[in-house]
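In the numbering used here, the protein residues as written are 1028 to 1383.
I have placed the structure first, in the form of structure tokens, so that the comments after it can refer back to it.
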Ligand code: DAH
């Protein structure tokens, strides 16, 4: 520290230097150590001036005290202004416009919703209407009208979740008291829709279905399906194949091929189970398709004449096709999810991995 006695010029020079250095301080911490160099109780400029008072000639003591104090007040005032600005507005050195902004947390659609929306979009573009039906059904709509006689295995208590109380009887008609259940498939809505509309019909029915299944990697007592139904004059198996192929190409890629395997459903004749060429290996065989090159995705067929009779359509005049596809199954295959239960556990670490 200079031994020269403080003067007003020295005060001004120090204050100007402090202001200049403060403005250039790269961080708040740098600014604080700068402040301490001027104002600190030990080894600071102001402290050194204060110490001079003791050794100064008597007639100088007062002046030195005044200059030291003036310096202290001026530095403190600049520091306070700087510090307040730093607290209130921007970090030291101004606003860093290159810093990323603070992102508000956005929610997004559940992966099953994403898949369902995509499927709906594809069928909407093909001219299908989207309709929904009740999750509580009666046996007639869910089974009888779909050509499933009373002794059919699907009606077994093992598979169906029946409700404790039947639907209330319609006044004066005890026959109307029917057993109710949670629908086991969206096919029940085929019946309701045909009862209420005349052909031509082109609908898809997304919705939840329920079965008495124990939870495991591939089963949950509740899952979702999308039913499809087309009815008109001259509708053929070729229309069924063309529609499903167009869907598969849109959903799983242009290279997709379909394989129809003869199968059995009471409400269709003929019936088929449909496999899609594996989109992971394009049919060559990989772990995803269990080396077969094919992945089963849905059941379908031409609407059985008995179903048309149940809803009062003339089976000589109309033909149609229907299919049912599991939405979880599509999601599991598309995203390669190993455990269906993950879709229902609401664990954000799982859900946030999907594009919304
Ligand atoms: N209802 C069937 C199921 O739940 C799926 C199904 C198969 C629906 C064939 C159809 C169909 O409309 O024609 O597994």
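Cβ coordinates follow ideal geometry from the N, Cα and C atoms, glycine included.
Only residues of its own chain outside the window of five on either side were considered, and among them 1312 have a CB closer than 6 Å to the CB of residue 1318, listed in chain order. Residue 1157 places its beta carbon less than 7 Å from that of residue 1231. Under a 10 Å Cβ-count criterion, residue 1124 is classified as exposed, with fewer than 16 other Cβ atoms of the shown protein chains found around its own Cβ. A direct Cα-Cα distance of roughly 19 Å separates residue 1368 from residue 1188. Taking all protein chains in view, the Cβ of residue 1069 is surrounded by fewer than 16 other Cβ atoms within 10 Å, so the residue is classified as exposed. Here the stretch 1344-1353 lies against the stretch 1249-1257, with 3 or more beta-carbon pairs under 8 Å apart. Comparing C-alpha distances from residue 1041 to each of 1079, 1099, 1082 shows the shortest one belongs to 1099.
With contacts defined by Cβ atoms closer than 7 Å, residue 1293 and residue 1175 form a contacting pair. Looking at the DSSP output, residue 1295 bridges to 1292, 1330. Cα atoms of residue 1266 and residue 1324: separation of roughly 18 Å, rounded to the nearest angstrom. Its chain contains 1271, 1285, 1286, 1287, 1288, 1323, 1324, 1325, 1326, 1327, 1350 as the residues whose beta carbon lies nearer than 8 Å to that of residue 1301, once the 5 sequence neighbours on both sides are disregarded; these appear in chain order. In the DSSP secondary-structure assignment, residue 1346 is bridged to 1259.
Taking 7 Å as the cut-off, the Cβ atoms of residue 1338 and residue 1221 count as close. At least one heavy atom of the ligand DAH lies less than 6 Å from the C-beta of residue 1212. For residue 1170, the three-state secondary structure derived from DSSP is coil. Assignment of beta-bridge partners to residue 1237 by DSSP yields 1249.
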